[in-house]
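Peer 1:
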Amino acid sequence: MRYRLSQNFKQKIVLQLNNDDEYNSILDRVRKKRPSKIFGRGLIPIQDEIYEFQTAKICLPKDHNYHIKEKIEKLKKTEKDEAPSIGVLPDKVLFSDLEEHVKDLKTLPIGINKNDLKVISYNFKDNYINLILSKDFDNASKFTYFLLEEIKEIKNVNIIIFDVEKTAAKDKKDLKDKFTKFLAYIENNQNEKKHVLGIFVGISKFLEEIADKIMFGEMLRIAQNGNYSFIIAESSAKLKDCSYDPWYKTYVENNKGIWVGNGFEDQYIINYETNRRLIDNNCGPSFGYLVKSNKATMVKLLEMKEKSEDDE
Numbered sequence: 158m159r160y161r162l163s164q165n166f167k168q169k170i171v172l173q174l175n176n177d178d179e180y181n182s183i184l185d186r187v188r189k190k191r192p193s194k195i196f197g198r199g200l201i202p203i204q205d206e207i208y209e210f211q212t213a214k215i216c217l218p219k220d221h222n223y224h225i226k227e228k229i230e231k232l233k234k235t236e237k238d239e240a241p242s243i244g245v246l247p248d249k250v251l252f253s254d255l256e257e258h259v260k261d262l263k264t265l266p267i268g269i270n271k272n273d274l275k276v277i278s279y280n281f282k283d284n285y286i287n288l289i290l291s292k293d294f295d296n297a298s299k300f301t302y303f304l305l306e307e308i309k310e311i312k313n314v315n316i317i318i319f320d321v322e323k324t325a326a327k328d329k330k331d332l333k334d335k336f337t338k339f340l341a342y343i344e345n346n347q348n349e350k351k352h353v354l355g356i357f358v359g360i361s362k363f364l365e366e367i368a369d370k371i372m373f374g375e376m377l378r379i380a381q382n383g384n385y386s387f388i389i390a391e392s393s394a395k396l397k398d399c400s401y402d403p404w405y406k407t408y409v410e411n412n413k414g415i416w417v418g419n420g421f422e423d424q425y426i427i428n429y430e431t432n433r434r435l436i437d438n439n440c441g442p443s444f445g446y447l448v449k450s451n452k453a454t455m456v457k458l459l460e461m462k463e464k465s466e467d468d469e
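Residues are numbered in our numbering as their position in the sequence shown, beginning at 1, plus a constant of 157.
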């Protein structure tokens with residue numbers, strides 16, 4: 158054990174070591190003191206002094222394994238305190254890793270914090286417009302649909318999805334009609350008890366198809382008085398094109414959101430104050446950043462794979 162690593166342990170008990178120099182890397186002020194070359198001898202620091210000790214035999218050597226296992230079983234029955242499990246960052250964050258944390262939209266788990274290895278969540282209910290962005294639109298879209306599988310497990314949430322990319326060409330002419338009906342629903346259901354989550358995957362193309370940004374802004378104006386919130390999934394470049402629209406300036410807050418994959422440092426949609434030297438700009442599609450109140454946290458994202466995994 159290296160000296161620096163050994164400093165993490167307050168109490169050290171050292172038995173016979175192969176090399177006498179190794180005692181100096183583990184114990185402070187050991188100087189030339191070494192345990193006698195007798196089986197079971199060792200050194201232990203007590204109140205700034207180094208003492209030599211002799212371990213006691215708990216049983217005959219041939220019975221060691223049995224005796225230790227028996228003692229473990231007895232302690233399990235009498236001792237209730239258990240050491241917490243050591244967190245490990247998985248190669249891929251599965252639904253099963255997060256499902257026990259899926260309770261409501263206010264604390265929807267999106268992945269695992271890379272720094273402390275704890276489940277990290279985001280409030281999709283109280284944040285009116287929720288941005289899910291990426292340099293690559295496909296990554297933003299994939300991650301949004303993975304989150305959608307979690308959201309479907311939550312009771313009392315109505316989900317409305319507008320995804321031009323997944324809308325058949327013959328149905329695109331009906332897209333504006335669908336949106337008009339959604340607007341009418343909002344106007345007539347201001348006291349809706351169930352929370353309504355509107356999801357727009359590819360907002361830029363959606364606005365092109367309905368050709369009515371004013372109507373979209375009106376929808377957001379009316380919905381903010383009811384039990385509604387929205388997710389916008391888009392590439393950063395496409396959303397940048399919308400940043401001068403009145404609806405964007407009025408309702409989108411740039412100090413929060415989710416970024417998927419590479420290029421976080423290159424974008425200027427989601428503002429953050431984290432030291433840029435701490436940002437991994439080429440983190441890969443399975444990682445991303447959660448920004449809350451301008452603070453960016455690196456996250457291993459739900460169900461997202463590295464590209465090499467897709468190629469297998």
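All C-beta atoms in this analysis are idealised placements derived from N, C-alpha and C, irrespective of residue type, glycine included.
If we count Cβ pairs, one from each stretch, closer than 8 Å, do we get three or more for the stretch 224 to 243 versus the stretch 417 to 434?
Peer 2: Segments in contact, no.
Peer 1: Please work out which residues of its chain come closer than 7 Å, Cβ to Cβ, to Leu447, disregarding the five sequence neighbours upstream and downstream, and give them in chain order.
Peer 2: For the purposes of this step, residue 447 is identified with residue 290 of the sequence shown, where counting begins at 1. Excluding positions up to five away in sequence, the list reads Ile267, Ile277, Tyr279, Ile415, Thr454 and Val456.
Peer 1: Starting from Phe127, follow the beta strand (DSSP E) in both directions and report where the run begins and ends.
Peer 2: One cannot answer for residue 127 here, as it falls past the ends of the chain, which runs 158 to 469.
Peer 1: Over what stretch of residues does the alpha helix (DSSP H) that includes Phe166 continue unbroken?
Peer 2: Taking the sequence shown and counting its residues from 1, one reaches residue 166 at position 9. Counting along the chain, Phe166 falls outside any alpha helix (DSSP H), and DSSP gives it neither H nor E.
Peer 1: Report yes if the CB atom of Tyr385 is closer than 8 Å to the CB atom of Val417, and no otherwise.
Peer 2: Residue 385 sits at position 228 when you count from the first residue of the sequence shown. Residue 417 sits at position 260 when you count from the first residue of the sequence shown. Result no, Cβ atoms of Tyr385 and Val417 do not sit closer than 8 Å.
Peer 1: Quick check on Pro266: does DSSP put it in helix, strand or coil?
Peer 2: In the sequence shown, the residue the question calls residue 266 occupies position 109. Note: Pro266 maps to strand in three-state DSSP.
Peer 1: State the Cα-Cα distance for the pair Tyr461 and Glu391, rounded to the nearest angstrom.
Peer 2: Position 304 of the sequence shown, counted from the first residue, corresponds to residue 461. Position 234 of the sequence shown, counted from the first residue, corresponds to residue 391. It is Met, not Tyr, that sits at residue 461 in the sequence shown. Rounded to whole angstroms, Met461 to Glu391 spans 16 Å at the Cα level.
Peer 1: Please report the straight-line C-alpha distance between Asp468 and Glu206, rounded to a whole angstrom.
Peer 2: The residue you call residue 468 lines up with position 311 of the sequence shown. The residue you call residue 206 lines up with position 49 of the sequence shown. Note that Asp468 scores a pLDDT of 43, beneath 50, so its modelled location is shaky; the value from the coordinates is reported in the next line. If I take the Cα positions, the gap works out to 60 Å.
Peer 1: Helix, strand or coil for Phe319 per DSSP?
Peer 2: Along the sequence shown, one-based indexing puts residue 319 at 162. Phe319: strand per DSSP, three-state reduction.
Peer 1: Tell me which residue opens and which closes the alpha helix (DSSP H) that Leu251 is part of.
Peer 2: For this step, residue 251 is matched to residue 94 along the sequence shown. Taken as a continuous stretch (DSSP letters only), Leu251 belongs to no alpha helix (DSSP H), as it is neither H nor E.
Peer 1: Roughly how far, in whole angstroms, is the beta-carbon of Glu209 from the beta-carbon of Ser193, given that I think they are within contact range, below 8 Å?
Peer 2: Here residue 209 corresponds to residue number 52 of the sequence shown, with the count starting at 1. Here residue 193 corresponds to residue number 36 of the sequence shown, with the count starting at 1. Correct: roughly 7 Å between the Cβ atoms.
Peer 1: Does the Cβ-Cβ distance between Ile356 and Ile318 come in under 8 Å?
Peer 2: Reading the sequence shown from its first residue, position 199 is the one you call residue 356. Reading the sequence shown from its first residue, position 161 is the one you call residue 318. Yes. Within cutoff.
Peer 1: Kindly indicate which residue of Ile379, Lys395, Asn438 and Leu332 has the alpha-carbon position closest to the one of Val321.
Peer 2: As a position in the sequence shown, residue 321 is number 164, starting the count at 1. The residue with the shortest Cα to Cα distance from Val321 is Leu332.
Peer 1: Would you please state the rounded distance, in angstroms, between the beta carbons of Gly199 and Leu172? I believe it to be under 8 Å.
Peer 2: The residue given as residue 199 occupies position 42 in the sequence shown. The residue given as residue 172 occupies position 15 in the sequence shown. Indeed they touch by this definition, with Cβ atoms about 4 Å apart.
Peer 1: DSSP three-state label for Pro202, please.
Peer 2: For the purposes of this step, residue 202 is taken as residue 45 along the sequence shown, with counting starting at 1. DSSP places Pro202 in strand when its eight states are reduced to three.
Peer 1: If you pair each beta-carbon of the stretch 287 to 306 with each one of the stretch 391 to 411, do three or more pairs fall below 8 Å?
Peer 2: Yes, since at least three Cβ pairs between the stretch 287 to 306 and the stretch 391 to 411 fall closer than 8 Å, the two stretches touch.
Peer 1: From what residue to what residue does the beta strand (DSSP E) around Tyr446 run?
Peer 2: Translated into positions along the sequence shown, residue 446 becomes position 289. Run containing Tyr446: Phe444 to Lys449, per the beta strand (DSSP E) assignment.
Peer 1: In whole angstroms, give me the CA-to-CA distance for Leu305 and Gly420.
Peer 2: Taking the first residue of the sequence shown as 1, we reach residue 305 at position 148. Taking the first residue of the sequence shown as 1, we reach residue 420 at position 263. When rounded, the distance between both Cα atoms is 24 Å.
Peer 1: Let's see if you can read the secondary structure: which residues bound the beta strand (DSSP E) around Thr431?
Peer 2: Numbered from its first residue, the sequence shown carries residue 431 at position 274. Counting along the chain, Thr431 falls outside any beta strand (DSSP E), and DSSP gives it neither H nor E.
Peer 1: Give the single residue among Asn181, Phe373, Lys351 and Asn313 whose Cα lies nearest to the Cα of Thr337.
Peer 2: In the sequence shown, residue 337 corresponds to position 180, counting from 1. Answer by Cα proximity: Phe373.
Peer 1: Start and end of the alpha helix (DSSP H) containing Leu472?
Peer 2: Not covered by the structure: residue 472. The range shown for the chain is 158 to 469.
Peer 1: Are the CB atoms of Val259 and Leu458 nearer to each other than 8 Å?
Peer 2: The residue given as residue 259 occupies position 102 in the sequence shown. The residue given as residue 458 occupies position 301 in the sequence shown. Result no, Cβ atoms of Val259 and Leu458 do not sit closer than 8 Å.
Peer 1: Let's test the definition: count the other Cβ atoms within 10 Å of the Cβ of Cys216 and tell me whether it reaches 16, buried, or not, exposed.
Peer 2: Residue numbering aside, residue 216 sits at position 59 when the sequence shown is read from its first letter. Classification for Cys216: exposed.
Peer 1: For Met461, does the three-state DSSP call read helix, strand or coil?
Peer 2: What you label residue 461 is simply residue 304 of the sequence shown in a count that begins at 1. Coil, per DSSP.
Peer 1: Given this structure, state the Cα-to-Cα distance separating Leu377 from Asn345, to the nearest angstrom.
Peer 2: Here residue 377 corresponds to residue number 220 of the sequence shown, with the count starting at 1. Here residue 345 corresponds to residue number 188 of the sequence shown, with the count starting at 1. Spanning the two alpha carbons is a distance of roughly 14 Å.
Peer 1: Name the residue from Ser298, Ser450 and Pro442 whose alpha carbon lies nearest to the alpha carbon of Lys464.
Peer 2: As a first step, residue 464 must be located in the sequence shown, where it is residue number 307. The option with the nearest alpha carbon to Lys464 is Pro442.
Peer 1: By how many angstroms is the C-alpha of Val314 removed from the C-alpha of Phe339?
Peer 2: As a first step, residue 339 is located in the sequence shown; it is residue number 182 there, counting from the start. As a first step, residue 314 is located in the sequence shown; it is residue number 157 there, counting from the start. Rounded to whole angstroms, Phe339 to Val314 spans 15 Å at the Cα level.
Peer 1: Our contact map puts Val358 next to Thr301 with C-beta atoms below 8 Å; I'd like the distance itself, whole angstroms only.
Peer 2: As a position in the sequence shown, residue 358 is number 201, starting the count at 1. As a position in the sequence shown, residue 301 is number 144, starting the count at 1. Val358 to Thr301, Cβ: 6 Å. Contact.
Peer 1: Report the partner residues of Ser392 according to the DSSP bridge assignment.
Peer 2: Along the sequence shown, read from residue 1 onward, the residue named residue 392 stands at position 235. Beta-bridge pairing links Ser392 to Ser291.
Peer 1: Can you list, in chain order, the residues of its chain with a C-beta nearer than 6 Å to that of Phe550? Leave out the 5 residues immediately preceding and following it.
Peer 2: Nothing about residue 550 can be reported from this structure: the residues present for the chain run from 158 to 469 only.
Peer 1: Give the DSSP-derived three-state secondary structure of Ala453 in the structure shown.
Peer 2: By one-based count along the sequence shown, residue 453 stands at place 296. Three-state DSSP puts Ala453 in a strand.
Peer 1: Between Asp261 and chain C, is there a C-beta pair that is closer than 8 Å?
Peer 2: Note that chain C does not occur in the displayed structure, where there is just one protein chain.
Peer 1: Rounded to whole angstroms, what is the Cα-Cα separation between Gln168 and Pro247?
Peer 2: Reading the sequence shown from its first residue, position 11 is the one you call residue 168. Reading the sequence shown from its first residue, position 90 is the one you call residue 247. For Gln168 and Pro247, the distance between alpha carbons rounds to 31 Å.
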